[in-house]
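Numbering (our numbering), first residue to last: 207 to 952.
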């Protein structure tokens, strides 16, 4: 510890403090006053006379010889913990000292006066100047009060925070806690339960784990609450439980009010991402590369942009049965009213942009015809894949050149024509598709933002994320650069920020530290209160509409926020007014916290291969197959639960029947043979009327003696008298399986 500075005995209200641990120089420190309790410096001066202070200084100097002067502690809480352990011989914990000597009223916080009285009662040996230094280290926000989280080490404060929140959620109050623990202990041990409001150590320690407490340290908690050292706890020692019960009820009420809205919002986001993944898999399954599907069934006018109405018509034309509105929400995430190929498949768009940039540098074309003339010097009109690749490589384009003809051949002709390149005339390639990542430009852009607005979050909300979606696209990025007058490599800065080519960036790329704090706070508020609006109403206990730093820290710690409250407060305080307004917090409700399933090309292709041949239920109703020729040999899909829009062959009269269920035949279909599945080896075949006859309806049925005879049939009948070769009407009718006719008869 640092030695006692000179002049410490002169004025107890102004003592120079050696501030090595805070990283500053020595400065005079005045004990802060609580905003709720007025203190007078004159009263402090009158409390200690000069002679009393001189005597106290001599005693402290003598005690410092026994206290390790050269020992330095990481935090003030660690120093106090070491002192408590030495003072109580290991039996005085920080929590017991807190309740017995400091927070006697169980208010949750203490002022400097209470801190001074507590250390004086414990005979703190380091002197008043060092005592003030310890207070300054704890009260780093200069709020005039500290809580147990600032008083103790991190491990003890986390354990206490967990225990008090558990008590608030498990019991209805101090008397209820004592009563339940006593009743359980008496029922387990067969003892008569007393109705007094006191509990002993064995009842307390042995009953807590049964009620769900898993944190341990039951003995430490009992001795901490037994402030009178009587071996028992009275209900007045547990007044803090009443506060925790009120907090728990407020939190649950807020969560209940926001639960329905939060579930709808989360479901909407998940449905949008699922619709996009399914749509990509559908296009790859039916058309191959996504650019083929873009040219063939989405962008019919070749404008390289897709409107909402065009997407809906395309989904209906290709018979995609997903949610088109959710799909549009996923594609048009920036609410621009249109989507492009770089939003559907950015990697494909980057390859095409690189090819166009290479063509511009090579032949400086005015139209796509100039590019074609360069690739087709012999005027072939049709270029095979191999020849197209050869021409590109011969002229210096090597980047994924084998994928290029497959994407350009959107009509699947197996060759490339001049008209396959006509989209280059109208496509306005975003500059970032051809740029190179430039980290220096990205850092310069960040500095311009802070220089313009003074706060990274304020710059993000005002200039880049005006809709509070935590997403900024390329167009918004360009507008922000004009606002802050950034004239550097804008495309390189964007590509350095948008590493995954998602087409948008978030606050995480601009200020990772602020994003981590806000994201943690957003997640915690959603889990504990159901949203930021409801959380702010609970944290703002006095309903003033704003939170000071002291109120914010106290409320967050009381409700169990695990993050750094100071850093979070200054991230949210965009106006640097040391208060949080409602509009500075509510924007976090629009942020998305759930992890969306990945939608990269590899997983889409795997999913497409797995779904090939089966598709969605709506697709299977329109896809028929004929494994073997013959009437009635269609593999008609099941029509169970079919809608009225289902095609006629897949429907039946009982689709929407409200009648009683049929017998076992509906549950277990009978096995049998159809017209296309003959078994010539079976002998019990009969000659009967063909199921698919084209004879005159008025003619009589053909009998066995009227059947035409041939040489083969006569020879075959000599042995058995029955035909042994299949033909129309020769069905295998087994009485065991109950078949009496064709499987699909009209």
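Ideal Cβ positions, reconstructed from N, Cα and C, are used throughout, including at glycine. It should be emphasised that the depicted structure is a prediction, and the values quoted were computed from it without experimental measurement.
- Rounded to whole angstroms, the Cβ separation of residue 488 and residue 446 is 59 Å, and the two are not in contact under 8 Å.
- Between residue 533 and residue 485 the beta-carbon gap is near 5 Å, inside 8 Å, which marks them as a contact.
- DSSP lists 754 as the beta-bridge partner residues of residue 785.
- Taking the Cα positions, residue 654 is about 41 Å away from residue 354.
- Runs of the alpha helix (DSSP H) spanning 4 or more residues and lying entirely within the stretch 416-443 occur at 424-431, in chain order.
- Each residue's CA atom was taken as its position, placing residue 720 and residue 697 some 24 Å apart.
- Residue environment analysis places residue 676 among the buried positions, since at least 16 neighbouring C-beta atoms fall within 10 angstroms of its C-beta.
- Here residue 702 has 643, 644, 645 and 648 as same chain residues with Cβ atoms under 6 Å from its own Cβ, once five neighbours each way along the sequence are excluded.
- Between residue 705 and residue 554, the alpha-carbon positions lie close to 16 Å from each other.
- If you draw a straight line from the Cα of residue 368 to the Cα of residue 423, it is about 12 Å long.
- Residues 495 and 497 of the same chain have their beta carbon placed closer than 6 Å to that of residue 613, with the five preceding and five following residues left out of the count.
- With at least 16 other beta carbons inside 10 angstroms of its own, residue 732 counts as buried.
- The Cβ-Cβ distance between residue 409 and residue 437 does not fall below 8 Å.
- Under the rule that a run must span 4 or more residues, the alpha helix (DSSP H) segments found entirely inside the stretch 692-775 read 696-703, 713-716, 718-734, 738-745 and 755-764.
- Leaving aside the five residues that flank residue 307 on each side, the residues in its chain whose CB is nearer than 7 Å to its CB run, in chain order, 324, 327 and 328.
- As the crow flies, the alpha-carbon of residue 362 is around 22 Å from that of residue 726.
- Under DSSP, residue 678 shares a beta bridge with 711.
- Within the same chain, 545 come within 6 Å of residue 538 by CB-CB distance, once the 5 residues on both sides are set aside.
- Going by DSSP, residue 513 is part of the beta strand (DSSP E) stretching over 511-513.
- When the five nearest sequence neighbours on each side are left out, the beta carbons in the same chain lying within less than 7 Å of the beta carbon of residue 666 are those of 713 and 716, in order along the chain.
- If you compare the alpha carbons of 382, 376, 449 and 429 with that of residue 417, the shortest gap goes to 376.
- Around the Cβ of residue 556, a 10 Å sphere holds 16 or more other Cβ atoms; the residue is buried.
- For a cut-off of 8 Å, the C-beta gap from residue 786 to residue 753 is around 4 Å, short enough to register as a contact.
- At a cut-off of 3 residues, the continuous stretches assigned as beta strand (DSSP E) that sit fully inside the stretch 297-363 are 315-317 and 351-353.
- Taking one beta carbon from each stretch, the stretch 504-515 and the stretch 562-573 have fewer than 3 pairs nearer than 8 Å; the two do not touch.
- According to the DSSP assignment, residue 577 belongs to the alpha helix (DSSP H) that extends over 574-581.
- Secondary structure in the stretch 554-640: the alpha helix (DSSP H) runs of 4 residues or longer, each lying completely within the stretch, are 574-581, 591-600 and 610-614 in chain order.
- The beta carbon of residue 668 is closer than 7 Å to those of 659 in its chain, skipping five residues each way along the sequence.
- 345 is the residue among 499, 288 and 345 whose C-alpha sits nearest the C-alpha of residue 315.
- Within the same chain, and ignoring the five residues on either side of residue 439 in sequence, the residues whose Cβ sits closer than 6 Å to its Cβ are 405, 431 and 432.
- In the structure shown, residue 545 adopts extended strand secondary structure according to DSSP, grouped into three states.
- For residue 405, the uninterrupted beta strand (DSSP E) run begins and ends at 404-406, by DSSP.
- Inclusion of residue 792 and residue 743 in the CB contact set at 8 Å is not warranted, their separation being larger than that value.
- In this model, residue 587 and residue 560 are separated by some 24 Å (Cα to Cα).
- Residues of the same chain with a CB within less than 7 Å of the CB of residue 690, apart from the 5 flanking positions on each side, are 654, 655, 658 and 669 in chain order.
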